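Engineer: In my numbering, the protein residues as written are 2 to 445.
Quick one: the structure is below, questions incoming.
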């Protein structure tokens with residue numbers, strides 16, 4: 002019975018299951034949605050404040066307005082998708098305020114866009130005005146440029162005319178200059194020819210003067226060479242005669258110079274010998290005087306050293322006397338020394354009579370000869386050194402190369418110690434000076 006009652010019950014209609022259209026959402030959802038929309042509005046205004054007027058004008062409608070439309074559309078679709086009941090709830094107060102805010106925002110954006118358009122129009126007018134003034138200035142500049150170009154053309158034509166005249170005058174001057182240069186070259190050539198002839202004639206004149214002087218020297222002093230020498234054979238005879246005389250004089254001069262050189266060499270050798278002997282004799286006389294002064298006590302005392310010195314001095318005086326005079330003489334050593342001194346004075350006087358020019362020439366010749374011998378000896382020694390070095394180098398080259406094997410050995414050496422030498426005498430003097438300074442007498 003129970004089951005049959007349940008099956009006979011009618012089905013529930015669909016509109017009873019549909020949501021009630023007059024039901025409002027809870028207050029929590031409304032407040033949360035309002036907070037979210039306010040937060041979105043703040044972010045949008047913040048972004049909008051960062052943009053310029055041009056960017057604001059190019060923007061589309063406000064996102065809040067579009068968001069509200071989308072919300073209403075979504076609600077509408079939800080309500081339409083519900084059951085066949087199309088009853089919409091009344092619009093809330095906050096939605097009407099949001100639509101009013103969007104309308105004000107649109108008006109504000111339109112005003113800003115109009116303001117931007119007005120500003121741009123003013124800018125366009127200013128630019129067009131500046132363009133007109135610039136065009137006017139350009140036209141004035143073009144007119145000025147045209148005037149200056151005309152002036153430049155006129156001045157250029159004048160300059161071209163002056164240039165052509167200057168070129169013509171320059172060509173005339175160049176022609177005159179070339180003609181003058183040609184004439185100058187011809188005159189220079191003539192002058193050089195004349196100068197060469199003059200120099201040649203001067204040389205000939207000088208040679209003639211030399212010949213004239215030569216002939217004048219050949220003829221007697223009172224005679225004229227032109228009238229004296231009538232035949233060339235006379236000149237030849239005079240020349241041969243003079244040549245023979247000159248040859249005799251040259252030979253005689255050579256003989257005399259050789260004799261003088263030999264005599265000068267002997268004289269110089271004798272002078273040096275006598276000078277040395279004089280020095281030795283003077284030394285010996287001094288010793289003899291000392292010996293004479295101490296002869297008596299030396300004899301009385303029988304000093305063997307003095308006897309030995311006296312004998313040596315007497316022997317040296319005798320040898321000097323024999324070398325000077327070549328004769329042995331049994332006279333006192335003092336008289337021998339006196340004779341040697343007299344002979345030296347005579348020789349010095351004889352040297353004073355010889356011409357000094359001749360002496361200097363002979364000395365220069367001897368010095369030259371000595372230097373030449375010294376140079377030859379130095380060259381010879383140098384060649385010997387070079388040959389010795391070459392032989393040593395060849396010998397070193399032929400020797401086998403030493404091969405060093407093993408560890409190199411170094412000799413053991415003691416370290417060098419700097420030793421300070423102490424001067425005892427200087428140390429004592431320093432100590433004495435310090436003692437005198439500290440403990441010595443006080444001077445006022």
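Where is the CB? At the ideal position from N, CA and C, for every residue including glycine.
These figures come from a predicted structure and were not determined experimentally.
Are residue 275 and residue 345 closer than 8 Å when you measure CB to CB?
Structural biologist: Closer than 8 Å, so yes.
Engineer: Specify, as a first and last residue, the run of the alpha helix (DSSP H) that residue 369 falls within.
Structural biologist: It spans 357–399 - the alpha helix (DSSP H) in which residue 369 sits, taken as one unbroken run.
Engineer: Which whole runs of the alpha helix (DSSP H) in the region 202–235 are 4 residues long or more, in chain order?
Structural biologist: Taking only runs of at least 4 residues, the alpha helix (DSSP H) segments lying wholly in the region 202–235 are 226–229.
Engineer: How should residue 105 be labelled, buried or exposed, when 16 other C-beta atoms within 10 angstroms of its C-beta is the threshold for buried?
Structural biologist: Burial call: exposed.
Engineer: The alpha helix (DSSP H) that contains residue 51, what's its start and end?
Structural biologist: It spans 28–51 - the alpha helix (DSSP H) in which residue 51 sits, taken as one unbroken run.
Engineer: Name the two residues that bound the continuous alpha helix (DSSP H) containing residue 353.
Structural biologist: Taken as a continuous stretch (DSSP letters only), the alpha helix (DSSP H) holding residue 353 covers 334–354.
Engineer: Looking at the secondary structure, which residues open and close the alpha helix (DSSP H) in which residue 308 lies?
Structural biologist: Here the alpha helix (DSSP H) through residue 308 covers 305–326.
Engineer: Would you mind giving the Cβ-Cβ distance between residue 282 and residue 332, rounded to the nearest angstrom? I have them listed as a contact below 8 Å.
Structural biologist: Contact flag wrong, Cβ pair sits at about 14 Å.
Engineer: Just how far apart, CA to CA, sit residue 174 and residue 166?
Structural biologist: In a straight line, the C-alpha of residue 174 is about 12 Å away from that of residue 166.
Engineer: Could you check the C-alpha separation between residue 64 and residue 107 for me, to the nearest Å?
Structural biologist: Because the pLDDT at residue 64 is just 45, under 50, the model does not fix this residue reliably, and the point stays unresolved.
Engineer: When the Cα atoms are used, what is the spatial distance from residue 329 to residue 381?
Structural biologist: Approximately 46 Å, taken between the alpha carbons.
Engineer: Let's test the definition: count the other Cβ atoms within 10 Å of the Cβ of residue 194 and tell me whether it reaches 16, buried, or not, exposed.
Structural biologist: The residue is exposed, with fewer than 16 neighbouring Cβ atoms inside 10 Å.
Engineer: Just tell me which of 353, 113, 30 has its CA closest to the CA of residue 49.
Structural biologist: Cα-wise, what sits closest to residue 49 is 113.
Engineer: Kindly indicate which residue of 103, 205, 27 has the alpha-carbon position closest to the one of residue 38.
Structural biologist: Selected option, being the one with the closest Cα: 103.
Engineer: Whole angstroms are fine: how far does the CA of residue 368 sit from the CA of residue 378?
Structural biologist: Approximately 15 Å, taken between the alpha carbons.
Engineer: For residue 329, which three-state DSSP category applies?
Structural biologist: DSSP places residue 329 in coil when its eight states are reduced to three.
Engineer: For a quick check, are the C-beta atoms of residue 278 and residue 352 less than 8 Å apart?
Structural biologist: Cβ distance not < 8 Å, so residue 278 and residue 352 don't count as in contact.
Engineer: Are the region 358–377 and the region 246–264 touching by the rule of at least three beta carbon pairs closer than 8 Å?
Structural biologist: Touching, per the Cβ criterion.
Engineer: Hey, would you say residue 239 sits closer than 8 Å to residue 219, going by beta carbons?
Structural biologist: Yes, the Cβ-Cβ distance between residue 239 and residue 219 is below 8 Å.
Engineer: By the DSSP assignment, the alpha helix (DSSP H) with residue 434 in it spans what residues?
Structural biologist: First-last of the alpha helix (DSSP H) with residue 434: 425–440.
Engineer: Taking residue 226 and residue 213 to be in contact with their CB atoms under 8 Å, please state how far apart those CB atoms are, rounded to whole angstroms.
Structural biologist: Their Cβ separation, rounded to whole angstroms, is 6 Å, which keeps residue 226 and residue 213 in contact under 8 Å.
Engineer: Nearest-angstrom Cα distance between residue 57 and residue 110?
Structural biologist: Residue 57 and residue 110: Cα-Cα distance of roughly 7 Å.
Engineer: Below 6 Å CB to CB, which residues in the same chain sit around residue 355 once its five sequence neighbours on both sides are set aside?
Structural biologist: Same-chain partners within the cutoff: there are none.
Engineer: Which of the three DSSP states, helix, strand or coil, is assigned to residue 407?
Structural biologist: Coil at residue 407, not helix or strand.
Engineer: Is residue 166 helix, strand or coil when you go by DSSP?
Structural biologist: If DSSP states are grouped into helix, strand and coil, residue 166 belongs with the helices.
Engineer: Output yes or no for whether 8 Å exceeds the beta carbon distance between residue 250 and residue 230.
Structural biologist: It is not a contact, given that the beta carbons lie outside the stated cut-off.
Engineer: Anyone know if the C-beta pair for residue 334 and residue 361 falls short of 8 Å?
Structural biologist: Contact: no.
Engineer: Please classify residue 306: is it buried, with 16 or more other beta-carbons within 10 angstroms of its beta-carbon, or exposed?
Structural biologist: Burial call: exposed.
Engineer: DSSP state of residue 420, grouped into three classes?
Structural biologist: Three-state result, residue 420: coil.
Engineer: Rounded to the nearest angstrom, what separates residue 268 and residue 236 at their Cα positions?
Structural biologist: Using only the alpha carbons, I get a separation of about 46 Å.
Engineer: Would you please state the rounded distance, in angstroms, between the beta carbons of residue 349 and residue 337? I believe it to be under 8 Å.
Structural biologist: The Cβ separation is near 19 Å, so there is no contact.
Engineer: Can you tell me the Cα-Cα spacing of residue 254 and residue 270, whole angstroms?
Structural biologist: Straight-line Cα distance between these residues: approximately 24 Å.
Engineer: How many Å lie between residue 160 and residue 200 at the Cα?
Structural biologist: Spanning the two alpha carbons is a distance of roughly 56 Å.
Engineer: Helix, strand or coil: which one does DSSP assign to residue 146?
Structural biologist: Helix at residue 146.
Engineer: For a test of the three-state rule: what should DSSP assign to residue 414, helix, strand or coil?
Structural biologist: The answer is coil: DSSP assigns residue 414 none of H, G, I, E or B.
Engineer: What did DSSP end up calling residue 402 once you bin it into helix, strand or coil?
Structural biologist: Note: residue 402 maps to coil in three-state DSSP.
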